[in-house]
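Everything on this sheet refers to the single structure shown next.
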Amino acid sequence: MTDQPKASGAPLNVLEMATQFGVGGIARHILALTASLRQKGHRVTLGGTPAAWAGPKTEPGFVVLPTRYVSGDGGSLTVRLYHVAMATWRLRRWLAAQRPDLIHAHESAPALVANLARKGLGIPLAVTYHGSEPERIAGFGAIARKADIVITPSHRSAEDLVKIGGVPKERLKVLGLGVNPPPEDGPDEIAALRRDLLGDGERLIITIARLERQKGIDILIETIARIIPDHPGYRFVVAGDGPDEAALREMAVARGVDGHLTFLGRVSRPLLYLRASDLFLLTSRWEALPFTIVEAFQAGIPAVAAACSGVVELIDDEVGAVVPIGDTEAIAREVTRILGDEALRARMGEAALRKSKLDRFRPEWVHDQFEAMYRDLAAGRT
Numbered sequence: 002m003t004d005q006p007k008a009s010g011a012p013l014n015v016l017e018m019a020t021q022f023g024v025g026g027i028a029r030h031i032l033a034l035t036a037s038l039r040q041k042g043h044r045v046t047l048g049g050t051p052a053a054w055a056g057p058k059t060e061p062g063f064v065v066l067p068t069r070y071v072s073g074d075g076g077s078l079t080v081r082l083y084h085v086a087m088a089t090w091r092l093r094r095w096l097a098a099q100r101p102d103l104i105h106a107h108e109s110a111p112a113l114v115a116n117l118a119r120k121g122l123g124i125p126l127a128v129t130y131h132g133s134e135p136e137r138i139a140g141f142g143a144i145a146r147k148a149d150i151v152i153t154p155s156h157r158s159a160e161d162l163v164k165i166g167g168v169p170k171e172r173l174k175v176l177g178l179g180v181n182p183p184p185e186d187g188p189d190e191i192a193a194l195r196r197d198l199l200g201d202g203e204r205l206i207i208t209i210a211r212l213e214r215q216k217g218i219d220i221l222i223e224t225i226a227r228i229i230p231d232h233p234g235y236r237f238v239v240a241g242d243g244p245d246e247a248a249l250r251e252m253a254v255a256r257g258v259d260g261h262l263t264f265l266g267r268v269s270r271p272l273l274y275l276r277a278s279d280l281f282l283l284t285s286r287w288e289a290l291p292f293t294i295v296e297a298f299q300a301g302i303p304a305v306a307a308a309c310s311g312v313v314e315l316i317d318d319e320v321g322a323v324v325p326i327g328d329t330e331a332i333a334r335e336v337t338r339i340l341g342d343e344a345l346r347a348r349m350g351e352a353a354l355r356k357s358k359l360d361r362f363r364p365e366w367v368h369d370q371f372e373a374m375y376r377d378l379a380a381g382r383t
């Protein structure tokens, strides 16, 4: 039997689910949204596979589920089906006991488990699509169609979910991801870091990304190989870690760009590194709406990025350039065009800084939109 609708203004009881709570933009978004909702008096529980950023040790009441192994990390189909059954059983017991007002599942594995576990309990389900390989959109849509509302951070992603995923248009909602205001960094500290990173170089280009296939660091390396014969003073840095680090370092050596490319590992103050740089470069194979581009805007530097989904909604020719995915020639051309014209680069940086202050990027505004949507969902008004 479905519970009575939640009274307007009453605190909500929300379950936020992720595949796993490891380092990355999805977990960061969930944790920021959770903190905002709790500050407003709502009860929020996290569920999924524990990892670096959240788990039972940091989150009392964390619902431990093998959602990571429901996804592609699970291995064989037999093993993944076992974890689907296990996760569904655990979650259903928790739902029956706790009766949350709604579930918000981020990505397909939590969405699949949540939909199975909630059957007959009358608990609404919201699902967020955070981007994936193009060939997986249809599969995501097949799962997401069973949700009460499907959220995506970009209009391009929403179009893909309708056309390829078969998600009903009326069930879709576009909501971005808020980015926290930038911390203050002293000019002396910025200048010192720039000197350290630049060495005897002339221009500093930064990429902030996980070292995994999605982020296209191999594409970046091939781009650097195109650029440095004519621009030996360009220096590239990559901030981030990940499973492909060793292979990418080997590739950089093999392509002869290791003297121009530095792998920094994960950095605790990304804005400081962005402010020390001349341009932000993102060569991903797929994205939804990357935090890092908005952070580059906050730092007041232009951005060049591959034309993945929501990227085209962030970058226009006033703040940088969008290039075809994997097109190293086009990437090299735009990077050198912008860095070769300091007046243009400065204008783009100023425009980027102005753009970063729009409401759509303010966490408070974004989180208010989510809260209103949650209230509608809990009241049966979606």
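Mapping of the sequence shown onto this note's numbering: residues 2 to 383, in sequence order. C-beta: ideal position from N, C-alpha, C; glycine also. In this text the structure is predicted, and so the values were computed from the model without any measurement.
Residue i (DSSP reduced to helix, strand or coil)
i       : result
Pro-364 : helix
Val-85  : helix
Ile-316 : coil
Ile-206 : strand
Asn-405 : As shown, the chain starts at 2 and ends at 383. That puts residue 405 outside it, with no answer to give.
Val-80  : helix
Ile-31  : helix
Phe-22  : coil
Arg-235 : The displayed chain sequence assigns Tyr, not Arg, to residue 235. Three-state DSSP puts Tyr-235 in a strand.
Val-268 : coil
Lys-41  : coil
Glu-17  : strand
Leu-249 : helix
Ile-229 : coil
Arg-91  : helix
Gly-350 : helix
Ala-277 : coil
Gly-123 : coil
His-406 : There is simply no residue 406 to check, as the chain begins at 2 and stops at 383 in what is shown.
Lys-358 : coil
Ala-11  : coil
Thr-3   : Confidence in Thr-3 is poor, its pLDDT being 46 and thus under 50, which makes the residue's placement too unreliable to answer from.
Lys-174 : strand
Ile-150 : strand
Leu-262 : strand
Gly-257 : coil
Val-180 : coil
Ala-380 : coil
Ala-55  : strand
Gly-62  : coil
Leu-212 : coil
Gly-200 : coil
Gly-49  : strand
Check whether residue i and residue j have beta carbons under 9 Å apart
i       : j       : result
Val-128 : Val-114 : no
Thr-20  : Thr-50  : yes
Val-175 : Phe-362 : no
Gly-132 : Leu-290 : yes
Thr-46  : Gly-62  : yes
Tyr-130 : Ile-209 : no
Arg-93  : Val-313 : no
Leu-173 : Ala-159 : yes
Val-324 : Ala-352 : no
Val-168 : Leu-103 : no
Arg-119 : Leu-126 : yes
Ala-277 : Ile-207 : yes
Arg-250 : Thr-329 : no
Asp-279 : Arg-211 : no
Leu-265 : Ala-240 : yes
Glu-335 : Gly-350 : no
Trp-90  : Val-64  : no
Glu-171 : His-105 : no
His-30  : Phe-281 : no
Outcome for residue i when other beta-carbon atoms lying within 10 angstroms are tallied against a minimum of 16
i       : result
Ser-269 : exposed
Thr-59  : exposed
Arg-100 : exposed
Leu-13  : buried
Asp-201 : exposed
Asp-161 : buried
Ser-77  : exposed
Val-254 : exposed
Gly-234 : exposed
Leu-345 : exposed
Glu-108 : buried
Minimum Cβ-Cβ distance from residue i to chain D less than 9 Å
i       : result
Leu-265 : Of the chains in the structure shown, none is chain D; there is only one protein chain.
Do the segment 357-369 and the segment 291-306 meet, that is, are 3 or more Cβ pairs less than 8 Å apart?
yes
Would you call the segment 213-220 and the segment 270-286 in contact, with 3 or more CB pairs under 8 Å?
yes
Give a yes or no on contact between the segment 20-29 and the segment 63-75, applying the rule of three or more CB pairs nearer than 8 Å.
yes
Entirely within the segment 281-346 and at least 4 residues each: give me those alpha helix (DSSP H) ranges in chain order.
292-300, 312-315 and 329-340
Any 3 or more C-beta pairs closer than 8 Å across the segment 333-352 and the segment 143-157:
no
Assess, as a yes-or-no matter, whether the segment 368-375 is touched by the segment 302-315 under the definition of 3 or more beta carbon pairs within less than 8 Å.
no
Taking three-plus beta-carbon pairs below 8 Å as touching, is the segment 245-258 in contact with the segment 222-230?
yes
Report yes or no: do three or more beta-carbon pairs, one from the segment 30-39 and one from the segment 82-96, lie closer than 8 Å?
no
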